[in-house]
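Q: Those letters in the sequence shown? Residues -25 to -1, 1 to 294, by mature numbering (1 follows the signal peptide of the UniProt record, and there is no 0).
Heads up, the beta-carbon is just placed ideally off N, CA and C, and yes, glycines get one too.
Owing to the predicted nature of the structure, the values given are computational and were not obtained by experimental measurement.
To start, I am sharing the structure in question, which I have written as structure tokens.
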Amino acid sequence: MASTTTTQLFLTLSLLSLLAYSAHAQLSTNFYANTCPNLPTIVRNGMRQAVNRERRLGASILRLFFHDCFVNGCDASILLDDTATFTGEKNAAPNRNSARGFEVIDSIKSQVEASCNATVSCADILALAARDGVVLLGGPTWNVPLGRRDARTASQSGANSQIPGPSENLSSLISKFAAKGLSARDMTVLSGAHTIGQAQCRTFRNRIYNDTNIDANFAATRRANCPATGGDANLAPLDIQTPARFDNNYYGNLVARRGLLHSDQELFNGGSQDSLVRSYSTDGTSFARDFSAAMVRMGNISPLTGTNGEIRLNCRRVN
Ligand code: HEM
């Protein structure tokens, strides 16, 4: 009896470790070292051009990667266009009239194809481009594990239900990240991405008119360009101090109750993440280190590898 239980325990543990291993078994930082050695340079140059044209594009690409990874893993599903017979993720609520930067990925992809035909996935290009955008805006760097393949499907309903929204509370943010295997700490450090980029009035109107955990001067400043009705697409920086620089000011803003989104301020509102927010607000080095590590974990969310999926030739459509 005892030995049966031990055997069962052993088998269960072996199976679990095999599953955990195979989840990111094939991703490796040198995946294209022989097949597309210029890949890192092509992506970096493409991102440099884009960011020189408009710094916000670094932010937009980082967000695309997040929205890709949270729906069926980092499989470039967000890049697929809708057609008469195919419904993708671009028109899901979190993405419609909001997700941007697709042309940057198209342009990088066509240069990658010219150099290494049918070799590099759109999912990997997006992972590298997101890292490069962060670096070009002054943020930390990290090695990007590669070897993802591209989905032949997408899920609009998955995007609607699994990507967190700006009015969510702390426990709901924590559970949406937990559903992807990411911890509350990961959630808090990845939210530091809101040190760059912009948000539309419709995403923070309720906060600046109705929330009470908000600095009064900050709310007044934001109301000036976000009326109670109308102006839905008017933009405001997610980080009021340095919106085009990847630094730790996001956390200082939260401590000063100047988070732009309701969901941002939820990270510093008397709950479990307060102490981490406080520590990142004064320690940019630990934020940078933890952000890099968490980006690798986010990039590991259920990739397609091996013979699953495909290497798309055009990121907007399946082959
Ligand atoms: C924690 C839950 C999160 C929520 C509720 C959230 C929500 C939002 C919203 C509402 C916007 C503004 C979109 C618009 O107005 O068009 C936005 C922008 C942005 N988000 Fe998040 N986000 C979250 C986490 C993340 C994560 C994990 C990342 C990346 C690692 C990220 C990166 C960005 C960036 C860079 C922008 C600016 C994009 C641009 O300027 O084009 N966000 N987010």
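May I have the straight-line CA-CA distance separating residue 258 from residue 10, to the nearest angstrom?
A: Approximately 40 Å between the Cα atoms of the pair.
Q: Is it buried or exposed for residue 12, if we count other Cβ within 10 angstroms and need 16 for buried?
A: Answer is exposed; the Cβ neighbour count stays below 16.
Q: At the 8 Å Cβ level, is residue 54 part of the contact set with chain B, yes or no?
A: Considering every chain present, this structure includes no chain B. It has just one protein chain.
Q: Who are the Cβ neighbours of residue -2 in its own chain at under 6 Å, not counting the five residues just before and after it?
A: Because the pLDDT of residue -2 is 44, which lies under 50, any placement of that residue in the model is unreliable, and the number read from its coordinates should be weighed accordingly. Closer than 6 Å at Cβ, skipping near neighbours: 275.
Q: Distance, Cα to Cα, residue 165 vs residue 238?
A: Distance between the alpha carbons of residue 165 and residue 238 is about 13 Å.
Q: Using CA coordinates, which residue listed in 208, 24, 121 and 288 is at the minimum distance from residue 270?
A: Of the candidates 208, 24, 121 and 288, the one whose C-alpha sits nearest the C-alpha of residue 270 is 121.
Q: Would you mind sorting residue 53 into buried or exposed? The rule is 16 or more other CB atoms within 10 Å of its CB.
A: With 16 or more other Cβ atoms within 10 Å, it is buried.
Q: With DSSP collapsed to three states, give me the class of residue 214.
A: In the structure shown, residue 214 sits in coil (DSSP, three-state: anything other than H, G, I, E or B).
Q: Does the beta-carbon of residue 162, which I'm using as the reference point, lie nearer than 7 Å to any heavy atom of the ligand HEM?
A: Yes.
Q: Look at residue 1 and residue 281 and say whether their C-beta atoms are less than 8 Å apart.
A: Against a cut-off of 8 Å, the Cβ pair of residue 281 and residue 1 comes out as a contact.
Q: Using the rule of at least 16 other Cβ atoms within 10 Å of the residue's Cβ for burial, across every protein chain shown, is residue 298 buried or exposed?
A: Absent from the model: residue 298. The displayed extent of the chain is -25 to 294, so no value can be given.
Q: Starting from residue 175, trace the beta strand (DSSP E) in both directions and tell me its first and last residue.
A: Residue 175 -> beta strand (DSSP E) spans 173 to 175.
Q: Quick one: give me the first and last residue of the alpha helix (DSSP H) that residue 274 is part of.
A: Segment 259 to 274, the alpha helix (DSSP H) holding residue 274.
Q: Give a single yes or no on whether residue 143 has its beta carbon closer than 7 Å to a heavy atom of the ligand HEM.
A: For the ligand HEM, at least one heavy atom lies less than 7 Å from the Cβ of residue 143.
Q: Does residue 20 come out as helix, strand or coil in the three-state DSSP assignment?
A: Looking at residue 20 - three-state DSSP - the assignment turns out to be helix.
Q: Below 8 Å on the Cβ atoms is my guess for residue 233 versus residue 190; work out the distance and round it to an integer in Å.
A: Residue 233 to residue 190, Cβ: 5 Å. Contact.
Q: Would you mind giving the Cβ-Cβ distance between residue 178 and residue 141, rounded to the nearest angstrom? I have them listed as a contact below 8 Å.
A: The Cβ separation is near 5 Å, so the contact holds.
Q: Between residue 286 and residue 125, which are expected to be in contact by the criterion C-beta below 8 Å, what is the C-beta distance as a whole number of angstroms?
A: About 6 Å; that satisfies the 8 Å criterion.
Q: Hey, quick one: how far does the alpha helix (DSSP H) through residue 40 stretch, first residue to last?
A: First-last of the alpha helix (DSSP H) with residue 40: 31 to 44.
Q: Output the distance between the C-alpha atoms of residue 217 and residue 168, rounded to the nearest integer angstrom.
A: Rounded to the nearest angstrom, the two C-alpha atoms are 12 Å apart.
Q: Roughly how many angstroms separate the alpha carbons of residue 272 and residue 60, rounded to a whole number?
A: Approximately 34 Å between the Cα atoms of the pair.
Q: Would you mind working out which of 76, 163 and 197 sits nearest residue 243, comparing C-alpha positions?
A: The shortest C-alpha separation from residue 243 is found at 163.
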